[in-house]
Every structure is written in C-alpha cells, then in structure tokens.
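Novice:
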Amino acid sequence: MAWTEDRVATLSKLWAEGLSASQIAKQLGGVTRNAVIGKVHRLGLSGRAKPSRPKPAKTQTTARATPKPKPAKAQPATRRSAAKPKAQPSSLPVSTEPPLEAKPLKDGSYATILTLTDHMCKFPIGDPSADEFRFCGRKTDPDEPYCTPHSMVAYQPSRRRNSSGKMISIGPAPTSRKRLR
DNA sequence: CCCTGATTCGC
DNA sequence: GCGAATCAGG
C-alpha cells in the first residue's frame with residue numbers, strides 16, 4: 001500500500017484527532033501501526049498532545065549498533081512470586097477453619113505479613129481484614145509456600161477423599177503443582 | 001499481557 | 001521513503 005495523498009490526508013486528520021497509531025492503521029487498512037507511526041514521523045508531525053517532554057533521549061542505540069550477540073537467552077521463566085493464597089475458605093463445605101492453627105513464633109508473636117519470611121508457611125489464618133489475621137508460620141520445605149500439612153489443604157488435588165473421609169494417600173510432596181517452565 | 005508512541009536501520 | 005523490529009513506558 002502506498003501513501004497516496006488522500007491516505008496521508010486521512011492519516012494526518014486522524015492523527016490530529018488523537019486516534020492512536022493502531023487505530024489509524026486499522027482504519028486505513030493495509031498498513032500496520034508501525035507504518036503509520038513511521039509515516040507520522042516522516043511527515044514531521046510526531047508529538048501531538050505533549051505538554052511537556054522531558055525525554056532525555058532514548059537509550060536503545062546501543063542495542064542496534066551492537067552486533068547483537070544473542071547468546072540464546074536462558075529462559076523467560078515467568079517469575080514465580082510469593083504465594084498468594086487469596087480468598088478465605090469461608091464458604092467451604094464443612095469446617096471453616098483449617099486443620100492447623102497458626103503457630104506462635106519463638107518470641108510468642110504470630111507470623112504476619114511483615115514477619116513472614118522465606119521458609120515460613122504462608123497459609124493464611126483468620127480474616128485478612130482482621131487484626132488477628134496471621135499466617136501459619138511453620139517451617140516449610142525449600143521453595144514451598146506452605147508447610148506440608150497446609151500444602152495438602154491448599155493444593156487439594158482434584159482427587160476425592162475415600163469414604164472414610166480421609167485423604168487419599170498423597171505423596172510426600174504437595175501433590176502436583178510444579179507445572180510449567 | 002495488553003497497549004502506546006519513538007527510534008533505528010535494512011530494504 | 002518505507003516499515004519491521006525493537007525499545008521504553010503505561
């Protein structure tokens with residue numbers, strides 16, 4: 001697609017109207033937003049509503065100028081952030097209370113969002129909006145957000161329980177959850 | 001992850 | 001001149 005005069009006219013108009021490059025591109029058809037932006041720049045009408053422009057100059061020249069080694073990136077690996085138990089089990093079938101209560105720390109206090117550390121079970125205890133809210137705080141296995149018992153309730157597999165109500169023997173680990181990556 | 005505009009550069 | 005690729009933000 002070539003930039004005919006009328007197309008450029010349309011481009012200018014839409015751009016002036018504040019439409020985004022992709023919007024304009026879509027409307028014009030046959031061009032990508034990059035093309036639009038490129039053209040806009042070439043036409044010299046880049047900045048639209050730019051009150052201030054403290055742009056200290058982009059720093060991407062290096063990437064371009066450099067031969068670009070591209071050593072095969074290690075791995076995207078979606079960052080696994082700290083566990084977020086979220087929502088309280090207030091609407092669970094039976095007991096609203098988890099099998100395990102929070103365990104006092106050595107100093108007698110309880111684990112809070114402030115005192116939770118790496119190897120402490122992050123299983124939430126109580127109402128998150130309440131002052132008494134705390135975390136289990138027990139020791140956890142490396143990498144695990146919860147202590148073993150809490151892992152079981154937290155990651156209750158889609159597996160059922162047996163008739164006696166007991167859990168089906170799950171392996172030592174918190175079940176299957178280390179997916180992905 | 002979606003989107004934005006900005007920039008560079010091979011064509 | 002063109003626009004894909006890429007960057008930097010939101």
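Numbering (full-length UniProt numbering), first residue to last: 1 to 181. Where is the CB? At the ideal position from N, CA and C, for every residue including glycine.
Go ahead and pull the three-state DSSP assignment for M120.
Specialist: If DSSP states are grouped into helix, strand and coil, M120 belongs with the strands.
Novice: Between which two residues does the alpha helix (DSSP H) holding A26 run?
Specialist: Reading off the sequence shown, one finds Lys at residue 26, where the question assumed Ala. Start and end: A21 to L28.
Novice: For T32, which residues of its own chain have a beta-carbon under 6 Å away from its beta-carbon, when the five flanking residues on both sides are left out?
Specialist: Same-chain partners within the cutoff: A25.
Novice: Please classify I113 as buried or exposed, where buried requires at least 16 neighbouring CB atoms within 10 angstroms.
Specialist: By the 10 Å Cβ count, I113 comes out exposed.
Novice: Determine the direct distance from the alpha carbon of S12 to that of D118, and round the result to whole angstroms.
Specialist: Approximately 56 Å between the Cα atoms of the pair.
Novice: According to the neighbour-count rule (16 or more other Cβ atoms, all chains shown, within 10 Å of its Cβ), is P145 buried or exposed?
Specialist: Label assigned to P145: buried.
Novice: If I measure Cβ to Cβ from C121 and keep anything under 7 Å in the same chain, skipping five residues before and after, which residues do I get?
Specialist: Cβ within range, chain order: F135, C136, G137, R138, T140, Y146, C147 and H150.
Novice: Considering only the alpha carbon of each residue, which of T10, G126 and G30 lies closest to M1?
Specialist: The option with the nearest alpha carbon to M1 is G30.
Novice: Under three-state DSSP, which class holds P138?
Specialist: The displayed chain sequence assigns Arg, not Pro, to residue 138. The answer is coil: DSSP assigns R138 none of H, G, I, E or B.
Novice: Let me know if R42 comes out buried or exposed under the rule of 16 or more other beta-carbons within 10 Å of its beta-carbon.
Specialist: With fewer than 16 other Cβ atoms within 10 Å, it is exposed.
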